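**Q**
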Amino acid sequence: MAQQEQQKFRVSARRDDRGDIARIRLVPQVGGAVAPFTAGAHLDLYLPDLDLWRQYSLCSDPAQTDYYEIGVLKDKASRGGSIKVHEMAVEGAELTVEGPRNHFPLAEDAEETVLLGGGIGITPMLAMACRLHDLGLPFTLHYCTRSESVTAFRDLLETAPWKDRVVFHFDDGDAAQRLDPARDLPPPGKGTHLYVCGPQGFMDWLIGTAEAAGHASSNVHREYFSADVDASGESFEVVAERSGVTVTVGPDDTIAKALGRAGVKVEVKCEEGVCGTCVTDVLDGEIDHRDRFLTDEEREEGEMICACCSRAKSKSLTLDI
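In full-length UniProt numbering, the protein residues as written are 1 to 321.
1) As an exercise, report each continuous alpha helix (DSSP H) stretch of at least 4 residues that is fully enclosed by the region 136-172, in chain order.
2) Taking residue 168 as the reference, which of 181, 155, 151 has the closest Cα?
3) Which runs of the beta strand (DSSP E) at least 3 residues long sit entirely within the region 180-246? Give them in chain order.
4) Kindly indicate the opening and closing residues of the beta strand (DSSP E) around residue 118.
5) Sorted by chain position, which residues of the same chain lie with C-beta nearer than 6 Å to residue 93's C-beta, five sequence neighbours on each side aside?
6) Can you give me the C-alpha to C-alpha distance between residue 62 and residue 233, rounded to a whole angstrom?
7) Using only alpha-carbon positions, find the residue among 285, 216, 207 that is nearest to residue 224.
8) Within the continuous beta strand (DSSP E) that includes residue 99, where are the two ends?
9) If you check the beta carbons only, do residue 126 and residue 59 fall under 8 Å apart?
10) Helix, strand or coil, according to DSSP, for residue 307 in the structure here?
11) Taking the alpha carbon of residue 7 as the reference point, which residue from 191, 34, 20 has its own alpha carbon closest?
12) Does the pairing of the region 32-47 with the region 161-178 give three or more beta-carbon distances under 8 Å?
13) Could you give the DSSP three-state label for residue 71: helix, strand or coil?
14) Sort out for me which residues DSSP pairs residue 316 with in a bridge.
15) Do residue 71 and residue 123 have their beta-carbon atoms positioned less than 8 Å apart in this structure?
16) Taking C-beta to C-beta, are residue 240 and residue 307 nearer than 8 Å?
17) Flag this pair as touching only if the region 132-142 and the region 103-121 have three or more C-beta atom pairs under 8 Å; answer yes or no.
18) If I measure Cβ to Cβ from residue 305 and keep anything under 6 Å in the same chain, skipping five residues before and after, which residues do I get?
19) Between which two residues does the alpha helix (DSSP H) carrying residue 83 extend?
20) Assuming residue 210 contacts residue 181 (C-beta within less than 8 Å), just tell me the rounded distance between them.
21) Going by DSSP, what residue range makes up the beta strand (DSSP E) through residue 22?
22) State yes or no: is the C-beta of residue 19 within less than 8 Å of the C-beta of residue 54?
23) Starting from the Cα of residue 91, find the closest Cα among 29, 214, 166, 319 and give me that residue.
24) Roughly how far, in whole angstroms, is the beta-carbon of residue 231 from the beta-carbon of residue 292, given that I think they are within contact range, below 8 Å?
25) Cβ of residue 116 within 8 Å of Cβ of residue 50?
26) Could you tell me if residue 75 is buried or exposed, where buried requires 16 or more neighbouring beta carbons within 10 angstroms of its beta carbon?
27) Look at the Cβ atom of residue 236, then the Cβ atom of residue 245, and state whether they are nearer than 8 Å.
28) I need the boundaries of the alpha helix (DSSP H) containing residue 257, first residue and last residue.
29) Looking only at its own chain, which residues have a Cβ that is under 6 Å from the Cβ of residue 143, when we skip the five neighbours before and after it?
30) Run through DSSP, which three-state label would residue 41 get?
31) If you run the structure through DSSP and keep just helix, strand and coil, what is residue 14?
32) CB residue 310 to CB residue 238, shorter than 8 Å?
33) Give the secondary structure of residue 123 by DSSP, where H, G and I count as helix, E and B as strand, and everything else as coil.
34) Based on Cα-Cα distance, which residue from 112, 301, 254, 229 lies nearest to residue 215?
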């Protein structure tokens, strides 16, 4: 994927909300309006102290042109990215950003839309709810958290013009109010679309349940913030067709790293197969998909691979790079 131009943004406001979630508002350092974005889009944020990029969904209204807003969970189980954002994103701080870009687009022709956010997975759903309301389209937003005491964005959700579309579910609450897919998901239909975002276990459970109930995979949209991925396996060769380079990917190596050592750059950001930055076209060979980014249909086509974690089932892969 082509690299986007880096931009400088300033933190114009920050609010530390419930559940260790920082709500961070960003404005262009040079002033003026922000670039338009569509519901479901995210920003890539650079963390210079760690030399890492991390992706954060835009939770502000797509109709808003004065600023972007993201919500960042301070996750003690992360690799340090979210903790670093909480440290550095103080009011007035300058941040390097790429985007917005959207791998989680909203189907604006849907007959019925159900938004399912678990914890910090509520962030893209907020932008989607704003857009669906502006379009006058029917939707329901289910927001699942461990407890009411750690439920962020309550002020927004309880005052939004679409507040009657929101259903809260708390793990420590009465069993009757917890999310029940059999009750809370609509029947499958060509015009029915589901959007799921949150912790991996929450997403795997909902996606599996929805598809088992008959919802088409193409109508069950998902965005993973992180994923447990095993990128190890048997050695294989990778031919970078346009570069004229062939490398061996060892048992504990990745395609992106092996190509990088040979001078063929594959841009990588998440390293977990969730952001799509490293997606590369495959010309030949059988893919062992390890990512959480590509759809089932894209995997079956066998024409793309997430080079940060996926491997080969065949002895070699030929990539269009």
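Each residue gets a CB set at the ideal place from its N, CA and C atoms; glycine is no exception. These figures come from a predicted structure and were not determined experimentally.
**A** Taking the geometry as given:
1) 154-159
2) Here residue 168 is taken as the residue at index 168 of the sequence shown, counted from 1. Measuring from the Cα of residue 168, the nearest candidate turns out to be 151.
3) 192-198, 220-224, 236-240
4) If you number the sequence shown from 1, residue 118 lands on position 118. Residue 118 -> beta strand (DSSP E) spans 112-118.
5) In the sequence shown, residue 93 corresponds to position 93, counting from 1. Excluding sequence neighbours, residue 93 sits near 11.
6) Residue 62 sits at position 62 when you count from the first residue of the sequence shown. Residue 233 sits at position 233 when you count from the first residue of the sequence shown. Taking the straight line joining both Cα atoms gives about 42 Å.
7) Position 224 of the sequence shown, counted from the first residue, corresponds to residue 224. Checking every option, the nearest Cα to that of residue 224 belongs to 207.
8) Here residue 99 refers to the residue found at position 99 when the sequence shown is read from its first residue. Its beta strand (DSSP E) spans residues 94-101.
9) Translated into positions along the sequence shown, residue 126 becomes position 126. Translated into positions along the sequence shown, residue 59 becomes position 59. It is a contact, given that the beta carbons lie within the stated cut-off.
10) In the sequence shown, the residue the question calls residue 307 occupies position 307. Here residue 307 sits in coil by DSSP.
11) Translated into the one-based positions of the sequence shown, residue 7 becomes position 7. Considering only alpha carbons, the answer is 34.
12) no
13) Against the sequence shown, residue 71 aligns to sequence position 71. Correct three-state label for residue 71: strand.
14) Within the sequence shown, residue 316 is the residue found at index 316, counting from 1. According to DSSP, which records beta bridges pairwise, residue 316 is partnered with 237.
15) On the sequence shown, residue 123 is found 123 positions in, with the first residue counted as 1. On the sequence shown, residue 71 is found 71 positions in, with the first residue counted as 1. Closer than 8 Å, so yes.
16) Taking the first residue of the sequence shown as 1, we reach residue 240 at position 240. Taking the first residue of the sequence shown as 1, we reach residue 307 at position 307. No, Cβ-Cβ distance for residue 240 and residue 307 is not below 8 Å.
17) yes
18) Sequence index remark: in the sequence shown, residue 305 carries index 305 (1-based). Here the set comprises 280, 282, 287.
19) Here residue 83 corresponds to residue number 83 of the sequence shown, with the count starting at 1. From DSSP, the alpha helix (DSSP H) with residue 83 extends over 81-88.
20) Within the sequence shown, the letter at position 210 stands for residue 210. Within the sequence shown, the letter at position 181 stands for residue 181. Contact flag correct, Cβ pair sits at about 7 Å.
21) On the sequence shown, position 22 is the one that residue 22 refers to. Counting along the chain, the beta strand (DSSP E) containing residue 22 begins and ends at 21-28.
22) Within the sequence shown, residue 19 is the residue found at index 19, counting from 1. Within the sequence shown, residue 54 is the residue found at index 54, counting from 1. No. Outside cutoff.
23) One-based indexing of the sequence shown puts residue 91 at position 91. The candidate whose alpha carbon is nearest that of residue 91 is 29.
24) Mapped onto the sequence shown, residue 231 falls at position 231. Mapped onto the sequence shown, residue 292 falls at position 292. Residue 231 to residue 292, Cβ: 13 Å. No contact.
25) Within the sequence shown, residue 116 is the residue found at index 116, counting from 1. Within the sequence shown, residue 50 is the residue found at index 50, counting from 1. No, Cβ-Cβ distance for residue 116 and residue 50 is not below 8 Å.
26) Position 75 of the sequence shown, counting from 1, holds the residue named residue 75. Result: buried.
27) Counting from one through the sequence shown, the residue named residue 236 turns up at place 236. Counting from one through the sequence shown, the residue named residue 245 turns up at place 245. Cβ distance not < 8 Å, so residue 236 and residue 245 don't count as in contact.
28) The residue you call residue 257 lines up with position 257 of the sequence shown. That run of the alpha helix (DSSP H) goes 255-261.
29) Along the sequence shown, read from residue 1 onward, the residue named residue 143 stands at position 143. Around residue 143: 117, 122, 168.
30) By one-based count along the sequence shown, residue 41 stands at place 41. Correct three-state label for residue 41: coil.
31) As a working note, residue 14 is residue 14 in the sequence shown. Three-state result, residue 14: strand.
32) By one-based count along the sequence shown, residue 310 stands at place 310. By one-based count along the sequence shown, residue 238 stands at place 238. In this structure, residue 238 does not lie closer than 8 Å to residue 310 by Cβ.
33) Indexing the sequence shown from 1 puts residue 123 at position 123. Of the three classes helix, strand and coil, the one that applies to residue 123 here is helix, per DSSP.
34) Residue numbering aside, residue 215 sits at position 215 when the sequence shown is read from its first letter. Per the Cα distances, 112.
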